[in-house]
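**Student:** In the UniProt record's numbering, the protein residues as written are 1 to 71.
For each residue, glycine too, the CB sits at the ideal point set by N, CA and C.
Keep in mind the model is a prediction, meaning the values are calculated, not measured.
The structure under discussion is supplied below as structure tokens; questions concerning it will follow.
This is the structure we're talking about:
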């Protein structure tokens, strides 16, 4: 089993990384699918919640954890 290190990033950086993975609220599903197809990306559909995401970008996002500073 390969060990991976988690990297803490700010909430803003994490939100930017999320934008690549999931379609935006104003973006049509067909536009997101076409964007992934043009970039030769695989699209993944969650069987539990029917969420659509970019499979490769989701795997890359697994190494990041949002870090919240105490205010």
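Could you give the distance in angstroms between the alpha-carbon of residue 8 and the alpha-carbon of residue 55?
**Tutor:** For the purposes of this step, residue 8 is taken as the residue at position 8 of the chain shown. For the purposes of this step, residue 55 is taken as the residue at position 55 of the chain shown. Roughly 21 Å separates the two Cα atoms.
**Student:** Let me know the secondary structure DSSP gives residue 8 once reduced to three states.
**Tutor:** As a working mapping, residue 8 is identified with position 8 in the chain shown. Reduced to three states, the DSSP call for residue 8 is strand.
**Student:** If you run the structure through DSSP and keep just helix, strand and coil, what is residue 31?
**Tutor:** Here the question's residue 31 lines up with position 31 in the chain shown. Helix at residue 31.
**Student:** Less than 7 Å between C-beta atoms, sequence neighbours within five positions excluded: which residues of the same chain meet that for residue 22?
**Tutor:** As a position in the chain shown, residue 22 is number 22, starting the count at 1. Excluding sequence neighbours, residue 22 sits near 53.
**Student:** Taking the alpha carbon of residue 29 as the point to measure from, which residue in 11, 60, 12, 50 has its own alpha carbon closest?
**Tutor:** Taking the first residue of the chain shown as 1, we reach residue 29 at position 29. Of 11, 60, 12, 50, the residue nearest in Cα terms is 50.
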